[in-house]
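Following the working numbering, the numbering of the sequence shown begins with 2 at its first residue and continues without gaps. Each residue gets a CB set at the ideal place from its N, CA and C atoms; glycine is no exception.
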Amino acid sequence: MSLDFGVFVWYIVSMKATKTSWFKFSKGTQVHHRDNPQWKGVVVRDLDRGMPVNGVVLVNHNGRVARMHKDLLRVSN
Numbered sequence: 002m003s004l005d006f007g008v009f010v011w012y013i014v015s016m017k018a019t020k021t022s023w024f025k026f027s028k029g030t031q032v033h034h035r036d037n038p039q040w041k042g043v044v045v046r047d048l049d050r051g052m053p054v055n056g057v058v059l060v061n062h063n064g065r066v067a068r069m070h071k072d073l074l075r076v077s078n
């Protein structure tokens, strides 16, 4: 069974438009490292807003801004 190209493109476009969350961490969210809850930081900017899991964010930790992968971080309470 072959798909018509137009139907295929429509499916891809509609699935991209129905993402549930553009941001895993919003600006100002306090986070900690997945393996070390003593390490804490604040999200400065989401560099990959279209990638809620595998993207990168800028995190301010003790006055230094570093790039961190989203899958390494958890939201602190």
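Within the same chain, show all residues whose beta-carbon is closer than 8 Å to that of VAL66, passing over the 5 residues directly before and after it, in chain order.
If you number the sequence shown from 1, residue 66 lands on position 65. Contacts found: VAL45, LEU59, VAL60.
Measuring alpha carbon to alpha carbon, tell me which of VAL43, HIS70, SER77, PRO38 ends up nearest MET52.
Position 51 of the sequence shown holds residue 52. MET52 has its Cα closest to that of HIS70, out of VAL43, HIS70, SER77, PRO38.
So is ASP47 buried or exposed if we call it buried at 16+ other beta carbons inside 10 Å?
The count along the sequence shown starts at 1 and reaches residue 47 at position 46. By the 10 Å Cβ count, ASP47 comes out buried.
So ARG75 and ARG35 are supposed to be a Cβ contact under 8 Å. How far apart are they, rounded?
If you number the sequence shown from 1, residue 75 lands on position 74. If you number the sequence shown from 1, residue 35 lands on position 34. Right, the Cβ-Cβ distance comes to about 6 Å (below 8 Å), so this counts as a contact.
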